[in-house]
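Worksheet for the structure shown next.
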Amino acid sequence: MDNINTDVRTKAKKIAVILRKGNPNPKTELIYKNEYELAVSVILSAQTTDKKVNQVTPKLFKRYPTWEKLSKADILDVQQLIGQVNFYKGKSERLVKAGQLVVSKFKGTLPRSFGGLMEIPGVARKSANVIMQEAWGVAEGIVVDTHIARVSNRLGLTSKKTPEKIEEDLMNVIPKKYWRNFSGSAVFHGRYTCTARNPKCGECTLNEICPSAFKF
Ligand code: SF4
């Protein structure tokens with residue numbers, strides 16, 4: 001382990017501890033009642049706000065309350081129900097295909113493994129991480145969305161731009177026991193404090209160790 005990595009690791013742990021102190025049990029802002037609803041909401045949330053997803057899901061879940069029902073849905077009907085979310089056409093198709101796969105391959109129940117989740121249409125690494133952590137409290141990796149990407153770069157934990165590379169860097173410097181909390185608390189940090197424009201550095205609990213503090 002070289003000195004630079006040691007320094008970044010020390011800093012990364014400090015950041016993870018501070019974020020966990022400020023937000024010990026972060027939960028997604030998606031509204032769901034069971035694993036099915038969680039997975040569907042997560043698929044819908046790609047490049048869409050949780051708020052927007054929560055606006056369309058009550059009607060969607062009323063009409064299609066299970067993987068089984070979703071697997072037989074008419075794609076045009078799903079499109080009408082989720083029309084307010086970004087990329088609703090592609091997402092409608094993936095949702096129905098997801099239903100078909102879960103029914104045919106996993107007996108209508110969400111698979112409990114990272115690899116199994118990644119087989120589901122519409123579920124990539126970020127979504128699989130969110131589902132594993134939210135539904136079962138298991139962190140196989142670190143969720144990297146647009147907020148965590150920005151916050152991690154500003155904090156000097158990575159200089160990478162793609163989610164996969166950023167996740168790799170974060171997993172390398174943040175101790176595994178913090179992965180779950182960091183995934184949730186860093187999202188909230190980016191959403192409400194380290195915002196894309198005008199980050200609130202003055203009230204940020206990380207401003208003493210952040211190389212980007214007060215530079216905006
Ligand atoms: S000090 Fe400012 S730039 Fe750094 S993490 Fe906090 S809000 Fe973001």
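The sequence shown maps to residues 1 to 216 in the working numbering.
All C-beta atoms, glycine included, are put in the ideal place defined by N, C-alpha and C.
If you're wondering where the values come from, they're calculated on a predicted model, not measured in any experiment.
query                                                                                                         : result
Simplified DSSP assignment, three categories, for residue 87                                                  : coil
C-beta contact flag for residue 151 and residue 28 at 8 Å                                                     : no
Coil, strand or helix - residue 111 by DSSP                                                                   : coil
Contacting residues, own chain, Cβ-Cβ under 6 Å from residue 33 (five flanking each side not counted)         : none
Near the ligand SF4: residue 154 beta-carbon under 7 Å from a heavy atom                                      : yes
Nearest-angstrom Cα separation, counted from residue 127 out to residue 40                                    : 10 Å
Proximal residues to residue 81 (C-beta, below 7 Å), its chain only, five neighbours per side dropped         : 56, 59, 60 and 63
Buried versus exposed call for residue 91 [16 or more other C-beta atoms within 10 Å across all chains shown] : buried
Helix, strand or coil at residue 38 [DSSP, three-state]                                                       : helix
Beta carbon of residue 103 nearer than 8 Å to that of residue 140                                             : no
Contact under 8 Å by Cβ, residue 110 with residue 36                                                          : yes
Beta-carbon proximity check, residue 190 vs residue 148, cutoff 8 Å                                           : yes
Alpha carbon of residue 1 to alpha carbon of residue 45, nearest angstrom                                     : With a pLDDT of only 45 at residue 1, under 50, the local geometry of the prediction cannot be trusted, and no value is derived from it.
Distance, residue 125 Cα to residue 162 Cα                                                                    : 12 Å
Three-way DSSP call (helix, strand, coil) for residue 204 in this model                                       : coil
Option in 93, 88 and 85 with minimal Cα separation from residue 75                                            : 93
Contacting residues, own chain, Cβ-Cβ under 7 Å from residue 88 (five flanking each side not counted)         : 79 and 82
Every unbroken alpha helix (DSSP H) inside the region 145-197 [4 residues or more]                            : 146-154, 163-173 and 179-192
Three-way DSSP call (helix, strand, coil) for residue 30 in this model                                        : coil
Distance CB(residue 181)-CB(residue 20) smaller than 8 Å                                                      : yes
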